[in-house]
Amino acid sequence: MNKSVIKTLLAAALLTLSIPVAYAQFDRPERAIKYRQSVMTIMANHFGRIQPVIKGAAPYDKDAVKANVSVIAMMAPLPWAAFTSGSEKGSNAMPDVWSDAAGFKAAQQKFQESVAGLSVAADSGDLEKVKVASAAVADACKACHEKFQVKR
Ligand code: HEC
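Numbering-wise, the sequence shown is residues 19 to 170 according to the working numbering.
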C-alpha cells in the first residue's frame, strides 16, 4: 500500500472512531452542560474583545478582529448538540429549549447566519461593516437568551 492510501484509511478509521467518542462526551448531563456553557463562555470572551474597537475605544486592527471573529465562527456550531435531553436540571437552559425545539433551532440558525456575516465583514477590513455585523450578532445572542436562558 502506498502512503496516501494508508493515510486515507487512517483518516477514515479515525472518523468512525471519533463519532462515538464525541457522543460519549455528552452521556452524562453534567458533561453536556459544562461543554455548552464553556463554548458560550469562549464565544462571549472573544466577542467582548472586539467591542472596544466597535465602540471606538480601541484602534481598529483588522487582523486582531479577524482572529477573534474566527474563534467565534469556530465555536458557533458547537453548543447545540450538547443540549441533550434530560440536561436541563442544574443549568440555565429554559425548558423551552426542549419544548420549543423548532424555535431554538431557528434562533441557532439566525445566530449562525449573523456570525457568517461578521466573518465576511471582518475579512473586508471595513470597520463600518464590522460594526453593523457585530450588532446583528449581539441581537442574535440576546434574542436567544431572552427566550431560552434562565434570567439570573
Ligand atoms: C440559540 C440560542 C443561543 C444563542 C444564539 C447564544 N446563546 Fe448563549 N446561552 C444559551 C443558553 C440556552 C444558555 C444557558 C446554557 C446552560 O446553562 O446550560 C446560554 C448561556 C450563555 C452564557 C453563560 C455560560 C455559563 O458559563 O453559564 C454566556 C456567557 C453566553 N451564553 C453568551 C453568549 C453569547 C456572547 C452569544 C452570542 C455571541 C450567545 N451566547 C449566543 C443560548 C444561546
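C-beta: ideal position from N, C-alpha, C; glycine also.
query = Just checking my contact of Arg-54 with Pro-97 at CB under 8 Å: how many whole Å lie between their CB atoms?
reply = Mapped onto the sequence shown, residue 54 falls at position 36. Mapped onto the sequence shown, residue 97 falls at position 79. The Cβ separation is near 4 Å, so the contact holds.
ask   = Between the region 120-132 and the region 85-101, are three or more C-beta pairs nearer than 8 Å?
value = yes
inquiry  = Assuming contact is defined by CB atoms lying nearer than 8 Å, are Phe-44 and Val-155 in contact in what I supplied?
reply    = Residue mapping note: residue 44 aligns to position 26 of the sequence shown, counting from 1. Residue mapping note: residue 155 aligns to position 137 of the sequence shown, counting from 1. It is not a contact, given that the beta carbons lie outside the stated cut-off.
query = Between which two residues does the alpha helix (DSSP H) harbouring Ser-109 extend?
reply = What you label residue 109 is simply residue 91 of the sequence shown in a count that begins at 1. Boundaries cannot be given for Ser-109, as no alpha helix (DSSP H) includes it and DSSP labels it neither H nor E.
ask   = What are the boundary residues of the alpha helix (DSSP H) that Arg-49 is part of?
value = The count along the sequence shown starts at 1 and reaches residue 49 at position 31. Unbroken alpha helix (DSSP H) run through Arg-49: 47-72.
request  = Check whether the Cβ atoms of Arg-170 and Asn-110 sit closer than 8 Å, and answer yes or no.
outcome  = Indexing the sequence shown from 1 puts residue 170 at position 152. Indexing the sequence shown from 1 puts residue 110 at position 92. For Arg-170 and Asn-110, yes; Cβs fall inside 8 Å.
ask   = Excluding five sequence neighbours on each side, which residues of the same chain lie with their C-beta closer than 6 Å to the C-beta of Ala-139?
value = Numbered from its first residue, the sequence shown carries residue 139 at position 121. Correct list, in chain order: Lys-147, Val-148, Ala-151.
ask   = Got a sec: does the ligand HEC put a non-hydrogen atom nearer than 7 Å to the Cβ of Ser-109?
value = The sequence position of residue 109 within the sequence shown is 91, counting from 1. Flag set: Cβ of Ser-109 near the ligand HEC.
ask   = What are the boundary residues of the alpha helix (DSSP H) that includes Ala-100?
value = The count along the sequence shown starts at 1 and reaches residue 100 at position 82. Taken as a continuous stretch (DSSP letters only), Ala-100 belongs to no alpha helix (DSSP H), as it is neither H nor E.
message = Checking the sheet assignment: what are the DSSP bridge partners for Glu-126?
response = Position 108 of the sequence shown, counting from 1, holds the residue named residue 126. A small correction: the amino acid at residue 126 is Gln; Glu does not occupy that position in the sequence shown. In the DSSP output, where bridge partners are listed per residue, Gln-126 has none listed.
Rounded separation between Ile-68 and Asn-20 - CA only = Counted from its first residue, the sequence shown places residue 68 at position 50. Counted from its first residue, the sequence shown places residue 20 at position 2. Going from the Cα of Ile-68 to the Cα of Asn-20 covers about 47 Å.
ask   = So, are the CB atoms of Ser-105 and Ile-60 less than 8 Å apart?
value = Within the sequence shown, numbered from 1, the residue matching residue 105 stands at position 87. Within the sequence shown, numbered from 1, the residue matching residue 60 stands at position 42. Not in contact: Ser-105 and Ile-60 (Cβ atoms no closer than 8 Å).
query = In whole angstroms, what is the alpha-carbon distance linking Glu-131 and Met-93?
reply = In the sequence shown, residue 131 corresponds to position 113, counting from 1. In the sequence shown, residue 93 corresponds to position 75, counting from 1. If I take the Cα positions, the gap works out to 13 Å.
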